[in-house]
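Engineer:
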Amino acid sequence: MGLVPAAPAHPFRLEGSGDGKEVVILGAGLAGMAAAYELDKLGYRCTILEARERTGGRCWSVRKGATNEETGGGLHTAGFDAGQYFNAGPSRIPHHHGLTLHYCKELSVPIQVYNNVNENTYYYSEGKGPLSNKKVRVREAHSDVRGWMAELLAKAMDGGKIDVEMSKEDTLKVIEYLRAEGGLDIDKLYKASARRGYSESPGPGDREGKIGEPMTLLAMLQSGLLDPDFYNVAEYTYELQGTLFQAVGGMDRIAAAFEQKVGRLIRMGSEVRHIRNLEKGVQVGYKDKTGEKTMQADLCICTIPLPVLSNIDHNFSSDASRAIDSIVYMSTGKIGLQFKRRFWEEDEGIYGGITHTNNQLTQIFYPSYDYLGGKGILIGYYNFNEKAVATGNLTYEQREQLALEKGSLIHPQYRQEFERSFSVSWHKTKYNMGGWALYSADERQTLYKALLQPDKQVYFAGEHMTYLNAWMAGALESARSVVAALHSRVTGQRFSYPVFGS
Ligand SMILES: Cc1cc2nc3c(=O)[nH]c(=O)nc-3n(C[C@H](O)[C@H](O)[C@H](O)COP(=O)(O)OP(=O)(O)OC[C@H]3O[C@@H](n4cnc5c(N)ncnc54)[C@H](O)[C@@H]3O)c2cc1C
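Taking this note's numbering, the leading residue of the sequence shown gets 54, the next gets one more, and so forth.
#1: Hey, would you say Leu318 sits closer than 7 Å to Ala89, going by beta carbons?
#2: Given that a residue counts as buried once 16 or more other Cβ atoms are within 10 Å of its Cβ, and exposed if not, what is Asp508?
#3: How about the stretch 195-207 and the stretch 429-445: do they share at least three Cβ pairs that are nearer than 8 Å?
#4: Does Arg326 come out as helix, strand or coil in the three-state DSSP assignment?
#5: Taking all protein chains shown into account, do 16 or more other C-beta atoms lie within 10 angstroms of the C-beta of Leu425, making it buried, or fewer, making it exposed?
#6: Where do the ends of the beta strand (DSSP E) carrying Gly402 lie?
#7: Measuring only the C-alpha atoms, how far is Ser555 from Glu222?
#8: From this set, His63, Leu79, Gly73, Glu91, which residue's C-alpha is nearest Ala538's C-alpha?
#9: Would DSSP call Gln466 helix, strand or coil?
#10: How would you label Pro420, buried or exposed, when you count the other beta carbons within 10 angstroms and need 16 or more for buried?
#11: In terms of DSSP beta bridges, what is Arg98 paired with?
#12: Mind checking which residues open and close the alpha helix (DSSP H) that includes His195?
#13: Measure how close the beta-carbons of Gly235 and Ala209 come, nearest whole angstrom, since I'm counting them as under 8 Å.
#14: Can you list, in chain order, the residues of its chain whose CB lies under 6 Å from that of Arg116, leaving out five sequence neighbours each side?
#15: Assign Ser541 to one of three DSSP states: helix, strand, or coil.
#16: Check the DSSP bridge columns for Glu253 and list the partner residues they point to.
#17: CB of Leu556 to nearest heavy atom of ligand 1: below 6 Å?
#18: Could you check if Ala60 is buried or exposed, using at least 16 other CB atoms within 10 Å of its CB as the buried criterion?
#19: His149 bridges to which residues according to DSSP?
#20: Is there contact between the stretch 276-285 and the stretch 124-134, where contact requires at least three CB pairs shorter than 8 Å?
#21: Out of Ile365, Gly386, Tyr382, Asp351, point me to the one whose CA is closest to Glu75's CA.
#22: Can you name, in chain order, every residue of its own chain whose Cβ lies under 6 Å from the Cβ of Ser478, other than the five neighbours on each side?
#23: Answer with buried or exposed for Thr448, where buried requires no fewer than 16 other C-beta atoms within 10 angstroms of its C-beta.
#24: So, helix, strand or coil for Ile215, using DSSP?
#25: Nearest CA to the CA of Glu472: which residue from Gly182, Arg394, Thr410, Arg107?
#26: Threshold first: 3 residues or longer. Then list the beta strand (DSSP E) segments lying entirely within the stretch 491-541, N to C.
#27: Reducing DSSP to helix, strand and coil, say where Cys353 ends up.
#28: With 16 as the cutoff for other CB atoms within 10 Å, does Tyr339 come out buried or exposed?
#29: Starting from the C-beta of Pro360, find all residues in its chain whose C-beta is less than 6 Å away, skip the five residues before and the five after it, and write them out in chain order.
#30: Note down the Cα distance separating Asp372 from Ile357, rounded to an integer number of angstroms.
#31: Verify the contact flag: Ala84, CB atom, against every heavy atom of ligand 1, threshold strictly below 6 Å.
#32: Just to confirm my understanding: we take Asp72, look at its own chain, exclude 5 residues before and 5 after, and list those with CB closer than 7 Å. What are they?
#33: In three-state terms, what does DSSP make of Gly136?
#34: Would you report the Cα separation of Ala532 and Ser178, rounded to the nearest angstrom?
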């Protein structure tokens, strides 16, 4: 009869009131702002202390005038043109991150499809094997490796060399599947097909098109194209399977939407210096432009990343303290390169997606927005671990030189079209000190569990308090989870928070 309102996409039904209880929230990243947003609705009085002069934390799109401070690197300011940006942190939202999508809807953040897998990008193996320094289109590598592997397996099955008990009929079915999967011919041989693209495109009249010659399996192997840290199987993972989304106009639109709701609660430029559980309540010391301050609240939600928290004075239990000091974060970095024209689209037909390299760049990300626009920013490297440490140790100018030198091996247009850059080394960035938390299986059982419990009046939240590390969904799920726990404590009712999808 239309009398009952439609249920929200992702309901969060906590009953009772926070009754004006004071909660101090440390950090105005997504976890801190989402927690404040939900607590505010429930009648709590929240204050968010944020060290930076901006909200969003890692949810950050670098635009003209953006600044970052790295240890040993000094202050870095982005000189991009107005309207240009790149996502220095998150760039992709998996379709199954329901809570992220839920907040986009609730806060009116428009989203669009993110093109993560593009068969027209490249693999580039520098200085290794017969394919060294050759641009190999992803579709060529995919078609050839599938073809050669399917041929090998089909031959082995044909020759009865597979150690699986199977009827003749089933064996034939598998071979039929392999023929389809690998694009094999009637004799079960891989001879390449239009799947791997054309050396001469089909066209009008008698222009039939020429199919490119396949690479040999040996050439691919010797060039490292199939090395596990190079050949991209990441796109098979649950998180990177399509459909992926992004916020229109930059991922920081999500943070901006939360800020619109809770901005009045945030004290910017307030760096937390100490956190003390008191007999009743909690005391937080912080420093802002005017000097050292302290404030008290009934309860606290701490979303400060652990490597940063580790350097803040506190009186937490020894278990919590050990966990905070021990968890290692990913070293990772990105560089945004602004170009005068979108040559990757105009000259090479690349619209979004990723090129993979075996050198320091690791990946080049092409923007999945403003297609056919004038200028554009691509992500010149997005690297991890040792490669990120090595690039992070360079000066900002040296990083730019590295990105241009290695990038122009793939895109010679770089030198002609480049305008300016901005790089972020997350493990050297003052209020993060890392990309995301990395837990071993053992640490999940010990250190992680110690932080899942509140330390007296202090609750821990943030991507590090979930199994959704490196995802905005982790920040948001953890916020709801601690809000439910805190509200249970205040109201004496039991609210447990079901993780989305469970
Ligand atoms: C390179 C990179 C790529 C990523 N890619 C994706 C992606 O594609 N998709 C996706 O969903 N997620 C991605 N993520 C993960 C996502 O960005 C994070 O999981 C999420 O933004 C973390 O939010 P948070 O609130 O837990 O932490 P943060 O955003 O780090 O917030 C913590 C806040 O605490 C503040 N703070 C720190 N110290 C103090 C102090 N002393 N006093 C006061 N305030 C302090 C910080 O300034 C910050 O605002 C990526 C992250 C990185 C780094």
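Heads up, the beta-carbon is just placed ideally off N, CA and C, and yes, glycines get one too.
Structural biologist: Well, looking at it:
#1: yes
#2: buried
#3: no
#4: strand
#5: exposed
#6: No beta strand (DSSP E) holds Gly402; DSSP gives it neither H nor E.
#7: Caution is warranted here: a pLDDT of 38 is assigned to Ser555, below 50, making its placement in the model unreliable, and no coordinate value can be reported.
#8: Glu91
#9: helix
#10: buried
#11: Glu75
#12: 191-211
#13: With a Cβ gap of about 13 Å, Gly235 and Ala209 do not count as contacting.
#14: Tyr138
#15: helix
#16: BP columns for Glu253 point to Lys263.
#17: The shown model of the chain, from 54 to 555, leaves out residue 556, and the question about it has no answer.
#18: A caution first: Ala60 carries a pLDDT of 48, below 50, which makes its placement in the model unreliable, though a value can still be read off. It is exposed - the Cβ of Ala60 has fewer than 16 other Cβ atoms within 10 Å.
#19: The partner list for His149 (beta bridge, DSSP) is empty, contrary to what the question assumes.
#20: no
#21: Asp351
#22: Glu123, Gly386, Gly445
#23: exposed
#24: coil
#25: Arg394
#26: Here the runs fully enclosed are 511-513.
#27: strand
#28: buried
#29: Tyr382, Met486, Gly487
#30: 18 Å
#31: yes
#32: Gly96
#33: coil
#34: Distance between the alpha carbons of Ala532 and Ser178 is about 42 Å.
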